[in-house]
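Trainee:
There are 2 protein chains.
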Amino acid sequence: MKQQISVVTLGTADLSRSREFYVEGFGWKPIFENEEIVFYQMNGFVLGTFATSALAADMNRTDLTTRSAFALGHNVPAREDVPLVIEQLIAAGGRLLRKADSPPHGGVRGYVEDPDGHAWEIAWNPAWAIDDDGHVTFGL
Amino acid sequence: MKQQISVVTLGTADLSRSREFYVEGFGWKPIFENEEIVFYQMNGFVLGTFATSALAADMNRTDLTTRSAFALGHNVPAREDVPLVIEQLIAAGGRLLRKADSPPHGGVRGYVEDPDGHAWEIAWNPAWAIDDDGHVTFGL
């Protein structure tokens, strides 16, 4: 099978609060939206923010939690962008988890959670190439 | 900012059990692995399965849960592939959440959780184009 993820779906308690975080904080533009979902076209896949109750019904679960063991990473072109983006995300409704600092493997990163508690790592990692279309290639 | 996610990181209690799910179930090949992380090169970004304790320390949280309000989607080329892939994932340590059926918006989908409780939607959705490199474009 292709090493492929088509969509990353985040459960969202309040869609307009979440939309503000992604549109104002990251500066992203929805490609589609209605009263229960907002889709963003990403680098080779789609990000969906979906009413948590609708996501739970779709995946046939009733026990959805937040603050879970996963994170999404957004890489920026320069070291000094990391704290700037973190600041912008907090201004748009995010909450700081970790201030920008240097992990043992190099580069710079910090963490912000979105208004629903989904964790975002904002990183500068020169080993991972990002092409003009935003496609990211693993590197050491 | 680019509409870009560089990495999706999943917290993993038992890395070899998780590796078996992704390698045997999906047939994916790691691009890098050590004793606390396995990376897979995906369609325009990287998937990382990371020891949950290390992820928690990295994101400066102590309260990580599982069975959370998010899902990852893998789209397959044909309707009849959906139940086959679901079966393969279960054989590799996954657990069925929802058998393949047709959602209101069309296509076919089912859900399986990985050994750590992370939800995967397996879907056939002819409206979303997938190119030869696995890059997915939103469509209606």
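Protein sequences, first through last, are from chains C and L. Once you know that position 29 of the first sequence is 89 in the working numbering, the rest is easy, because the numbers rise by one and skip nothing. Once you know that position 82 of the second sequence is 142 in the working numbering, the rest is easy, because the numbers rise by one and skip nothing. The beta-carbon is built from N, C-alpha and C at its ideal position, and this holds for glycine as well.
(1) What residue range does the beta strand (DSSP E) around I91 of chain L cover?
(2) Quick one: what's F130 of chain C bridged to in DSSP?
(3) Exposed or buried, which one is A183 of chain L when buried takes at least 16 other CB atoms within 10 Å?
(4) Would G71 of chain L pass as an interface residue toward chain C - the criterion being a Cβ-Cβ separation below 8 Å?
(5) How about W184 of chain L: is its C-beta nearer than 8 Å to some C-beta of chain C?
(6) Return the residues of the region 141-155 of chain C that lie within a Cβ-Cβ distance of less than 9 Å from chain L, sorted by chain order.
(7) Could you list which residues in chain C have their beta carbon closer than 7 Å to that of A131 of chain L, in chain order?
(8) Looking at C-alpha atoms only, which residue of C:A114, C:W88 and C:E181 is the closest neighbour of P164 of chain L?
(9) Restricting to Cα atoms, I'd like to know which of L:I146, L:T72 and L:H195 is closest to R127 of chain L.
(10) So, does the CB of R158 of chain C fall closer than 8 Å to a CB anywhere in chain L?
(11) Kindly indicate which residue of L:W88, L:F105 and L:T109 has the alpha-carbon position closest to the one of V98 of chain L.
(12) Could you list which residues in chain L have their beta carbon closer than 9 Å to that of V106 of chain C, in chain order?
(13) The beta strand (DSSP E) that contains E181 of chain L, what's its start and end?
(14) Let me see if you follow: with CB-CB separation under 8 Å, is F163 of chain C close to chain L or not?
(15) Closest by CA to V145 of chain C, which one among C:W180, C:D74, C:F130 and C:T125?
(16) Hey, N103 of chain C and G104 of chain L are a contact pair by Cβ (cut 8 Å); roughly how many whole angstroms apart?
(17) With D161 of chain C as the anchor, note down where its beta strand (DSSP E) starts and where it stops.
(18) Among C:V142, C:V106, C:L75 and C:Q148, which one has its Cα closest to the Cα of D161 of chain C?
(19) Start and end of the alpha helix (DSSP H) containing E147 of chain C?
(20) Just the Cα atoms here: how many angstroms apart are A129 of chain L and T112 of chain C?
(21) Is the beta carbon of L149 of chain C less than 8 Å from the beta carbon of V168 of chain C?
(22) When the Cα of L157 of chain L is compared with those of L:F81, L:N135 and L:G170, which residue comes out closest?
(23) At a Cβ cut of 7 Å, what residues of the region 82-96 of chain C count as close to chain L, listed as they run along the chain?
(24) Is A138 of chain C close to chain L? Criterion is C-beta to C-beta, closer than 8 Å.
(25) Going by alpha carbons, who is nearest to G87 of chain L out of L:R155, L:G166, L:G199 and L:A151?
(26) When every heavy atom of the ligand GDP is checked, does at least one fall within less than 7 Å of the C-beta of S66 of chain C?
(27) Suppose the cutoff is 6 Å on Cβ atoms and the five residues either side in sequence are ignored; what does the same chain contact list for A131 of chain C look like?
(28) Measure from the C-beta of D123 of chain C to each C-beta in chain L and report whether the shortest distance is under 8 Å.
(29) Going by C-alpha distance, which of C:L70, C:G166, C:Q64 and C:V196 is nearest T125 of chain C?
(30) Quick one: give me the first and last residue of the alpha helix (DSSP H) that A117 of chain L is part of.
Mentor: Once the coordinates are examined:
(1) Here I91 of chain L belongs to no beta strand (DSSP E), and DSSP marks it neither H nor E.
(2) Answer is L:L70.
(3) By the neighbour-count rule (16 or more Cβ atoms within 10 Å), A183 of chain L is buried.
(4) By this cut-off, G71 of chain L is an interface position.
(5) In terms of beta-carbon proximity, W184 of chain L stays away from the interface with chain C, with every pair separated by 8 Å or more.
(6) Cβ contacts with chain L come from D141, V145 and Q148.
(7) Result: T69, L115 and M119.
(8) The shortest Cα separation from P164 of chain L among C:A114, C:W88 and C:E181 belongs to C:A114.
(9) With distances taken between Cα atoms, R127 of chain L lies closest to L:T72.
(10) With its beta carbon less than 8 Å from one in chain L, R158 of chain C belongs to the interface.
(11) Nearest C-alpha to V98 of chain L: L:T109.
(12) Chain L residues near V106 of chain C: G133, W188, V196, T197 and F198.
(13) From DSSP, the beta strand (DSSP E) with E181 of chain L extends over A179 to W184.
(14) Note that residue 163 of chain C is Pro in the sequence shown, not Phe. Yes, because at least one Cβ of chain L sits closer than 8 Å to the Cβ of P163 of chain C.
(15) Nearest C-alpha to V145 of chain C: C:W180.
(16) Taking a contact as a CB-CB distance under 8 Å, the pair N103 of chain C and G104 of chain L counts as one, their CB atoms being some 4 Å apart.
(17) According to the DSSP assignment, D161 of chain C belongs to the beta strand (DSSP E) that extends over R155 to D161.
(18) Comparing Cα positions, the closest option is C:V142.
(19) Annotation: the continuous alpha helix (DSSP H) that includes E147 of chain C extends over D141 to A151.
(20) As the crow flies, the alpha-carbon of A129 of chain L is around 6 Å from that of T112 of chain C.
(21) No; because the gap between Cβ atoms is not below 8 Å, this pair is not in contact.
(22) Of the listed residues, the one whose Cα sits closest to L157 of chain L is L:G170.
(23) Going along the region 82-96 of chain C in chain order, one finds F86, G87, W88, I91 and F92 with a Cβ nearer than 7 Å to chain L.
(24) So, not an interface residue.
(25) Nearest C-alpha to G87 of chain L: L:A151.
(26) No copy of the ligand GDP occurs in the structure displayed, which carries no ligand at all.
(27) Hits under 6 Å: A179 and E181.
(28) Yes, D123 of chain C lies at the interface with chain L (some Cβ there is under 8 Å from its Cβ).
(29) Ranking C:L70, C:G166, C:Q64 and C:V196 by Cα distance to T125 of chain C puts C:L70 first.
(30) Note, A117 of chain L: alpha helix (DSSP H), T112 to M119.
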